[in-house]
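According to this note's numbering, the stretch in the sequence shown is residues 66 to 402, in order. Only one structure is covered here, and it is reproduced in the block below.
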Amino acid sequence: MEDVALIADSNGVGYDFVKGIFKYLKSKENDDFSVSLIDVEKKFFRDGEFKIKIGGNIRGKRCFIIYDPNKNPSEWFTELVFLLEATTFSSPEEINLVLPYTSFARQDRKDESRVSVNVKALADVVSLYADRGLTVDLHTPQIQEYFSIPFDNLYSMISLINHVQKHHQGFLKDLVIVSPDLGGGKRADYLVKKLKERGIESGVAFGHKNRDRDNEVSKTVIIGDVAGKNCLIVDDIIDTGNTLIMTANKLREKGAKGISAYCTHGLFTEGVDKFRVFDRVFISDTIKPPVASNIEVVSLVRLFGEAIYRTATGLSLSVLFENVHDNNQHSLENYDI
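Here it is, written out as structure tokens:
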């Protein structure tokens, strides 16, 4: 009998995402698998310090901490450390850390002397407490190597394809996948490959940034045929969105028929108004999505729910990377919440 406990803060901005995962897992309960949802309690002191308490008994349970990314990164890191500490000393059988979005992932290398590699520090702390980790669409997959525990990186592209095929069939005609820079080329190529496995032909184009002497972007050049095409710009994170918008403007200058974007993690640090240049902006719900007429959510609840179920029951995660689109029992199309 696998006795699984999901641990999450019910006051967190992203708690709806957690509830969706819990509902999915409850639908899979049987004689060999059960799941409970445990709250996280925080107590604050007058000097600004706080402590964290696990809100229920998790002794001997296989625990999955679904950690809310909707907070200031410094606060995010501090609370994470204390939550891992509290969980460890509550005597669980196993600790699995689920990071819908991994903060500090863009700080993954030394780009100058005497600087911190913040995601390496994060990996060291997580590896000290947790037995496994799970996330989606890391900024660079090589970050997994910083962890000394198994750390699985899911991919959201198949969920995107399922969504677009279901809701926007017309957009798939004359489709070109666009990477906003050459560094994201593998992401674009991966999507083109998965689309082709579904019988959907698409081209690929890239944005190339020309920089001035101060390393500032002076202009963006589009490499590839986009005239008369439906263009989908793909990236992992929307922060300010300036690069995406610059790419969209260049695509329009080159005669693109339609311009949309997909980014897994929507930070939108400068708001959503300036994204009106896009027909649609597809984002996942790893971070609580903003509301706008052209923003459309591709939910990853089913993807995370199935990944947690498979981790808890010892099943392979590899099926989640396969491009299934039929009545096969493993197809994400059938995991309807």
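C-beta atoms are modelled at their ideal positions from N, C-alpha and C, and glycine is treated no differently.
Simplified DSSP assignment, three categories, for residue i
i: T351; result: coil
i: A186; result: helix
i: T378; result: helix
i: V83; result: helix
i: Y166; result: coil
i: N137; result: coil
i: D254; result: helix
i: V58; result: Because the chain is modelled from 66 through 402, residue 58 falls outside the range shown and cannot be assessed.
i: H232; result: helix
i: V243; result: strand
i: R263; result: coil
i: H204; result: coil
i: D338; result: helix
i: A151; result: helix
i: E361; result: strand
Proximity to residue i [Cα-Cα], best of the options
i: T285; options: F343, K274, P206 and A372; result: K274
i: V243; options: Y211, E262, A321 and Q172; result: A321
i: D344; options: I298, K319, L380 and R375; result: I298
i: E210; options: A73, D173 and S224; result: D173
i: G113; options: T143, F236, R124 and K84; result: T143
i: L71; options: A377, H233, L385 and F386; result: A377
i: C128; options: I160, K108, E106 and L102; result: I160
i: E140; options: F115, I131 and S181; result: F115
i: G293; options: K319, L145, D104 and L309; result: K319
i: E335; options: P134, I288 and N307; result: N307
Per-residue burial, residue i [other beta carbons within 10 Å of its own, 16 or more giving buried]
i: I86; result: buried
i: V356; result: exposed
i: Q394; result: Because the pLDDT of Q394 is 39, which lies under 50, any placement of that residue in the model is unreliable, and the question is left without a value.
i: D350; result: buried
i: G379; result: exposed
i: R179; result: exposed
i: N295; result: buried
i: L193; result: exposed
i: S381; result: exposed
i: N280; result: Bear in mind that the predicted position of N280 carries a pLDDT of just 47, short of 50, making it too unreliable to give a figure here.
i: L247; result: exposed
i: N76; result: exposed
Residue i at chain C interface by Cβ criterion, 8 Å
i: G250; result: Looking for chain C here will not work: only one protein chain is present.
Inset, instruction - Determine contact between the region 309–317 and the region 261–269, defined as no fewer than three beta-carbon pairs at a distance below 8 Å. - result: Touching, no, given that fewer than three Cβ pairs across the two stretches are closer than 8 Å.
Inset, instruction - Report yes or no: do three or more beta-carbon pairs, one from the region 138–151 and one from the region 114–127, lie closer than 8 Å? - result: Cβ pair count under 8 Å is three or more, so yes.
Inset, instruction - Mind listing, in chain order, the continuous beta strand (DSSP E) runs of no fewer than 3 residues lying wholly within the region 85–140? - result: 98–109, 115–119 and 127–131, all fully within the region 85–140.
Inset, instruction - Could I get the ranges of all uninterrupted alpha helix (DSSP H) runs contained in the region 277–332, with 4 residues as the minimum, in chain order? - result: Taken in chain order, the complete alpha helix (DSSP H) segments of 4 or more residues contained in the region 277–332 are 307–318.
Inset, instruction - Count the C-beta pairs between the region 227–236 and the region 190–199 that are closer than 8 Å, then say yes if the count reaches three, no if not. - result: The region 227–236 makes no contact with the region 190–199, as fewer than three CB pairs between them are under 8 Å.
Inset, instruction - Please confirm if the region 77–94 is in contact with the region 360–376, defined as three or more CB-CB distances below 8 Å between the two stretches. - result: At 8 Å Cβ cutoff, the stretches touch.
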